[in-house]
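From first to last, the protein sequence lines stand for chains A and B. Under the working numbering, the first residue of the first sequence is numbered 493, with each subsequent residue one higher. Under the working numbering, the first residue of the second sequence is numbered 713, with each subsequent residue one higher. For glycine and all other residues, C-beta sits at the position ideal for the given N, C-alpha and C. Heads up, the thing below is written out as structure tokens.
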Amino acid sequence: MTEMIIKNGFVFDPINGINGEKMDICIKNGKIVESVNEHKAKKIDATGLTVMPGAVDIHTHIAGGEVNTGRMVRPEDHIKDVVRKTAITRSGTGYSIPSTFVTGYRYSKMGYTTVMNPSMAPLGAKHTHEELNDIPLLDKATFPLIGDWWFVLEYLQKGDLTGCARHVAWMMETTKGYAIKIVNPGGLESWGFGNNVHSIDDVVPNFGITPREIMCGLAKVNKMLNLPHSIHLHTNNLGLPGNYVTTLETMKALESVPTDGKPVGHITHLQFSSFAGDSWGNMKSAAEEISKYINNHNHMTFDMGQVIFSDTTTMTADGPFEYVLYQLSGHKWVNSDVETETSGGIIPMHYKRTSAVNAIQWSIGLELALLIEDPWKMFMTTDHPNAGPFFAYPKIMAWLISNKARMATLKRCHKKGQKKSLLPSIKRELSLYELAVVTRAGQAKALGLKDKGHLGVGADGDVAIYNINPETLDIAKKYRTARRAFGNAAYTIKDGKVVVKDGEVVQHVDGKTMWVNVQTADPVKVDADMKLKFKKYWTVEYENYPVSDHYVKVSDQIHVKASV
Amino acid sequence: MIVLTPLKKFELPVQAESINPDVFQGKSVDEIASLTVWEGNKQKQLCDLFKIEETAVEAPSITINGDVSEVRRIGQGMKNGEIVINGNAGMHLGEKMAGGKITVNGNTSGWTGSSMKKGLIEIHGDASDYLASPYRGSTEGMRGGKIIVDGNVGSDSGCCLRGGVIKIKGNAGPFLGFNITDGTIHVEKNAGARLAANMTGGKIVVSGVVADIMPTFTVDGAKAKVKIDDTESAQGPFYVFLGDLAEKGNGKLFVSKASNPQLGPIYDKYL
Chain A
493 MTEMIIKNGF VFDPINGING EKMDICIKNG KIVESVNEHK AKKIDATGLT VMPGAVDIHT
553 HIAGGEVNTG RMVRPEDHIK DVVRKTAITR SGTGYSIPST FVTGYRYSKM GYTTVMNPSM
613 APLGAKHTHE ELNDIPLLDK ATFPLIGDWW FVLEYLQKGD LTGCARHVAW MMETTKGYAI
673 KIVNPGGLES WGFGNNVHSI DDVVPNFGIT PREIMCGLAK VNKMLNLPHS IHLHTNNLGL
733 PGNYVTTLET MKALESVPTD GKPVGHITHL QFSSFAGDSW GNMKSAAEEI SKYINNHNHM
793 TFDMGQVIFS DTTTMTADGP FEYVLYQLSG HKWVNSDVET ETSGGIIPMH YKRTSAVNAI
853 QWSIGLELAL LIEDPWKMFM TTDHPNAGPF FAYPKIMAWL ISNKARMATL KRCHKKGQKK
913 SLLPSIKREL SLYELAVVTR AGQAKALGLK DKGHLGVGAD GDVAIYNINP ETLDIAKKYR
973 TARRAFGNAA YTIKDGKVVV KDGEVVQHVD GKTMWVNVQT ADPVKVDADM KLKFKKYWTV
1033 EYENYPVSDH YVKVSDQIHV KASV
Chain B
713 MIVLTPLKKF ELPVQAESIN PDVFQGKSVD EIASLTVWEG NKQKQLCDLF KIEETAVEAP
773 SITINGDVSE VRRIGQGMKN GEIVINGNAG MHLGEKMAGG KITVNGNTSG WTGSSMKKGL
833 IEIHGDASDY LASPYRGSTE GMRGGKIIVD GNVGSDSGCC LRGGVIKIKG NAGPFLGFNI
893 TDGTIHVEKN AGARLAANMT GGKIVVSGVV ADIMPTFTVD GAKAKVKIDD TESAQGPFYV
953 FLGDLAEKGN GKLFVSKASN PQLGPIYDKY L
């Protein structure tokens, strides 16, 4: 089979502690190996270039019901970004909600090889997998929304964690999912009745349990099942001024979950959960309070949800929050209640420099990323497309590595935003090594992906090579050059195949879909009672519900042995 | 100063955003002849489709003699100069234009002056649907400038208007001024159903008959005369309606009293 050697690059591989050493990387049969036959192997000369593991995105909405509805709602979003076909690539459209193929191409051009679709209503699992199948060049996984699922709420109400764990294991197999996603726990069930929960101790109607019990219960279930990722959490009160108190309470509540050294939870798009103040008029950053807590605790990981000033589309399972956004913007909107499972909402959003609130939000994301000292805790995302489209990542990288880049953007922001920003007081600039942590190594580690995010022997042959010479280029000063390099990878290598060269896709490769197959001692019984519930409360019969194996084009089953 | 004459009757849609005074500026006839246009899915040169001649300097920048109803995007984004079309024009004429003038001695197709920012479009014929309205889904409507239509306009005209003036001397179809936030629309004859739906600001004046008044509009009074722009005003008397209340709107809808006696029994008692 194919062999490849990447010669003489400056390698940044934080999981293996390699920081810019000049070395060769060998790939054989799609995996990193110690050495290859240099005469036979395809040589890639990476002299003067930066070599990193393929990048990993822990949170990006790229497939599923809400994404597709978003596409339908926004024809004006596509017409401004039409992508023509080439001899290799297929045509499509952008902008904030790119079509499946364009999603794959654009990620790959930035050196990404693995992405996580974090929000899938179990009822929409088949649709989600059909779209994931069509996204090329990337390995993918998807997280089913379980936090407001009736069966889970019933088990937690009874206090039957073992039963709940078995049920969640069944859900993972049924939906071909990868991790437990919880969105506004309890709030979505309340939203079915036009209400919301406003703290982690509010009672969920009809079930009599609280968001605290849902989060801690599922975090314990996650441990019992030994799932590779922790619970993936979108906090209560997201996007509302003063919500940082709820976020702190959430993190404190999860301290009670026993840990074996691994994180017990991942709070996603932390920027949206770090607002202080009590109204939009006096809304300000709570990055200091949040980062102080995070710097003193090690039980959780986070990602940024960095705002990009652009016209984008928000989409989340947090229906009540989307209703709040509708009231603020008056824009066209979609809202839904997905039967007994979750809810959903979509609304276009234009983040503007000239808006004080948006400028403060922009600042909060960066403040958090810079004030949280350990890069292994805080990862780079935009919560695509909620805070901005993913192909703006090079901009965020530039802001992270260069104070000059941040100041250049800050001085163009709304005066109030400038005044309230902590950024002028933060001089930290991430090194290439730290950048490799926040864009791949840290994300892979938090996701429990053993073969991703590093270049050690046995890892997947996913490599990104950027046109940056760390010896001659001062990335903090020449951030524009670095930004261009990160946006147009010199090479992206997927499973040992060159898929992108000089920022252009040169080969079509199908990515894998990863899902966990959890073996419990006693699997959940799909009995008459459960089927009756499907008959009574779902529009879909039980028999039509599971995602059968043939739905997943390139299946990568991860076997996990549960402790229950 | 260039004169274009179609060499044939176009069967397929032609995408011709290069027919634009700003593009032609400073180019020789040969250079203009080699500008690219698309006919259906084939890329062509302008000279494949048009006879191109140069004339006196005093003439308009571009004159098109003949039927170009299948030629789309003429004058798209133009900033200066003048286009005169002696015939019917195709879709997206003067889309997003930011200055200059377009005169059509004929009818135009959909999305004429879509999202325009500045300039003047005069249509001495009928305009089709979506006059001045933005692309589907977008709310970025016309921001400024003026459109004058001598004939009738189709449905969904002046949607999402944010500024500028639209003067329609004939009738208007349904959904005129949907979602407008600012600017002025004057219809000298009749207006179709769902007039001004979703309006939150701006001004719509109807001198003829209205098909209906949405229930989400409230009558606020009467006015003898309404200013259209700096040079002209419309003679009333008019009912003044405020709306669209479903959108907490504060737009003003002026409807002629004389042309709409059917409104008297409903609204006169509130005046």
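*Check whether Gly880/A and Ser783/A have beta carbons under 8 Å apart*: By one-based count along the first sequence, residue 880/A stands at place 388. By one-based count along the first sequence, residue 783/A stands at place 291. No, the Cβ-Cβ distance between Gly880/A and Ser783/A is not below 8 Å.
Handout entry: Residues of the stretch 887 to 901 of chain B whose Cβ lies closer than 9 Å to any Cβ of chain A, in chain order
Key = Listed by position, the residues of the stretch 887 to 901 of chain B near chain A (Cβ gap below 9 Å) amount to none.
Checklist entry - What does a CB cutoff of less than 6 Å around Ala533/A pick up in its chain, not counting 5 residues either side in sequence? => result Locating residue 533/A in the first sequence gives position 41, where the first residue counts as 1. For Ala533/A, where only same-chain residues beyond five positions count, the Cβ hits under 6 Å are Glu495, Met496 and Ile497.
Quiz prompt | Supposed close pair Asp875/A, His761/A - CB separation, criterion 8 Å | solution = Reading the first sequence from its first residue, position 383 is the one you call residue 875/A. Reading the first sequence from its first residue, position 269 is the one you call residue 761/A. Rounded, the Cβ-Cβ distance is 4 Å, consistent with contact.
Check: Anyone know if the C-beta pair for Met911/B and Gly889/B falls short of 8 Å?
Finding: The count along the second sequence starts at 1 and reaches residue 911/B at position 199. The count along the second sequence starts at 1 and reaches residue 889/B at position 177. Yes. Within cutoff.
- Task: Count the C-beta pairs between the stretch 690 to 705 of chain A and the stretch 580 to 597 of chain A that are closer than 8 Å, then say yes if the count reaches three, no if not.
- Result: Look at the beta carbons and you see the stretch 690 to 705 of chain A not touching the stretch 580 to 597 of chain A: under three pairs across the two are nearer than 8 Å.
Query - C-beta atoms of Gly953/A and Ile507/A nearer than 8 Å - result: On the first sequence, residue 953/A is found 461 positions in, with the first residue counted as 1. On the first sequence, residue 507/A is found 15 positions in, with the first residue counted as 1. Contact flag unset, no.
| Where Glu874/B falls: helix, strand or coil (DSSP) | Counting from 1 along the second sequence, the entry for residue 874/B is found at position 162. The sequence given here has Arg at residue 874/B, not Glu. If DSSP states are grouped into helix, strand and coil, Arg874/B belongs with the strands.
Practice prompt. Find the residues of chain B that neighbour Pro567/A, judging by a C-beta separation of less than 9 Å, and give them in chain order.
Written response: In the first sequence, the residue the question calls residue 567/A occupies position 75. Correct list: Tyr847, Arg848, Gly849 and Ser850.
**Message:** Spatial neighbours of Gln947/B within its chain, please: C-beta separation below 7 Å, excluding the five flanking residues on both sides.
**Reply:** Residue numbering aside, residue 947/B sits at position 235 when the second sequence is read from its first letter. If we look at Gln947/B and ignore the five residues flanking it on each side, its Cβ neighbours are Lys937.
- Under a CB-based cut-off of 8 Å, is Ile571/A close to chain B? In the first sequence, residue 571/A corresponds to position 79, counting from 1. Taking 8 Å as the CB threshold, Ile571/A lines the interface with chain B.
Member of Lys813/B, Pro725/B and Thr928/B whose CA lies at the smallest distance from the CA of Asp779/B: The residue given as residue 779/B occupies position 67 in the second sequence. Across the set Lys813/B, Pro725/B and Thr928/B, the C-alpha of Pro725/B shows the shortest separation from the C-alpha of Asp779/B.
*Thr930/B versus Thr727/A: straight-line alpha-carbon distance, rounded*: Counting from 1 along the second sequence, the entry for residue 930/B is found at position 218. Counting from 1 along the first sequence, the entry for residue 727/A is found at position 235. Take the alpha-carbon of Thr930/B and the one of Thr727/A: they are about 43 Å apart.
Relative to the alpha-carbon of Leu740/A, which residue among Gly753/A, His789/A and Asn625/A has its alpha-carbon at the smallest distance? The count along the first sequence starts at 1 and reaches residue 740/A at position 248. Between Leu740/A and the set Gly753/A, His789/A and Asn625/A, the nearest pair of CA atoms involves His789/A.
| request: Along the beta strand (DSSP E) that carries Trp641/A, what are the first and last residues, could you check? | output: Against the first sequence, residue 641/A aligns to sequence position 149. Neither: Trp641/A is in no beta strand (DSSP E) and is coded neither H nor E.
C-alpha gap between Lys462/A and Asn687/A, whole angstroms: The requested residue 462/A is not part of the displayed model; chain A covers only 493 to 1056.
Gly1060/A versus Val594/A: straight-line alpha-carbon distance, rounded
Because chain A is modelled from 493 through 1056, residue 1060/A falls outside the range shown and cannot be assessed.
| Within 10 angstroms of its Cβ, does Lys944/A collect 16 or more other Cβ (buried), or is it exposed? | Position 452 of the first sequence holds residue 944/A. Lys944/A should be labelled buried.
Exercise for review: Tell me whether the beta-carbon of Lys896/A lies closer than 8 Å to the beta-carbon of Tyr843/A.
Suggested key: Locating residue 896/A in the first sequence gives position 404, counting from the first residue. Locating residue 843/A in the first sequence gives position 351, counting from the first residue. Against a cut-off of 8 Å, the Cβ pair of Tyr843/A and Lys896/A comes out as no contact.
Expressed to the nearest angstrom, what Euclidean distance is found between the alpha-carbon atoms of Lys912/A and Thr820/B? Stepping through the first sequence from its first residue, residue 912/A is reached at position 420. Stepping through the second sequence from its first residue, residue 820/B is reached at position 108. Distance between the alpha carbons of Lys912/A and Thr820/B is about 52 Å.
| Counting pairs of Cβ atoms below 8 Å between the stretch 758 to 767 of chain B and the stretch 824 to 832 of chain B, do you hit three or more? | With the cut-off at 8 Å, the stretch 758 to 767 of chain B and the stretch 824 to 832 of chain B do not touch.
Reducing DSSP to helix, strand and coil, say where Val831/B ends up.
-> Position 119 of the second sequence, counted from the first residue, corresponds to residue 831/B. Before going further, note that residue 831/B is Gly rather than Val in the sequence given. Gly831/B falls in the strand class under three-state DSSP.
- Message: So the candidates are Glu723/B, Val783/B, Ile833/B and Glu782/B; which of them puts its Cα closest to the Cα of Val796/B?
- Response: Indexing the second sequence from 1 puts residue 796/B at position 84. The shortest Cα separation from Val796/B among Glu723/B, Val783/B, Ile833/B and Glu782/B belongs to Ile833/B.
Query raised in the report: How is Asp626/A classed by DSSP in three states: helix, strand or coil?
Result: For this step, residue 626/A is matched to residue 134 along the first sequence. In the structure shown, Asp626/A sits in coil (DSSP, three-state: anything other than H, G, I, E or B).
From Tyr733/B to Gly849/B, what does the alpha carbon distance come to, in whole angstroms? The count along the second sequence starts at 1 and reaches residue 733/B at position 21. The count along the second sequence starts at 1 and reaches residue 849/B at position 137. For the record, residue 733/B in the displayed sequence is Pro; it is not Tyr. Cα to Cα, the separation comes out at about 29 Å.
Discussion item. Taking the beta carbon of Phe685/A as the centre, do at least 16 other beta carbons fall within 10 Å, making it buried, or is it exposed?
Written reply: Counting from one through the first sequence, the residue named residue 685/A turns up at place 193. With fewer than 16 other Cβ atoms within 10 Å, it is exposed.
query: Which runs of the alpha helix (DSSP H), 4 residues or longer, sit entirely within the stretch 696 to 727 of chain A?
result: Counting only runs of 4 or more, we get 703 to 717.
ask   = For Met889/A, is the classification buried or exposed, using 16 other Cβ atoms within 10 angstroms of its Cβ as the cut-off for buried?
value = Within the first sequence, numbered from 1, the residue matching residue 889/A stands at position 397. Buried, by the Cβ-count rule.
task = Take every Cβ of the stretch 557 to 573 of chain A, pair it with every Cβ of the stretch 845 to 855 of chain A, and state whether three or more of those distances are shorter than 8 Å.
result = As far as the Cβ criterion goes, the stretch 557 to 573 of chain A does not touch the stretch 845 to 855 of chain A, which means the pair count is below three.
Select from Ser748/A, His531/A, Lys520/A and Met602/A the residue whose C-alpha is nearest the C-alpha of Ala977/A.
Position 485 of the first sequence, counted from the first residue, corresponds to residue 977/A. The alpha carbon of Ala977/A has as its nearest neighbour, out of Ser748/A, His531/A, Lys520/A and Met602/A, the alpha carbon of Met602/A.
Cβ distance (whole Å) where Leu746/A is taken to contact His791/A below 8 Å: Residue mapping note: residue 746/A aligns to position 254 of the first sequence, counting from 1. Residue mapping note: residue 791/A aligns to position 299 of the first sequence, counting from 1. That belief holds up - the Cβ atoms of Leu746/A and His791/A are roughly 6 Å apart, short of 8 Å.
Classification of Arg576/A by the beta-carbon crowding that lies within 10 angstroms, buried from 16 upward:
Numbered from 1 along the first sequence, position 84 holds the residue referred to as residue 576/A. Exposed, since its Cβ has fewer than 16 Cβ neighbours within 10 Å.
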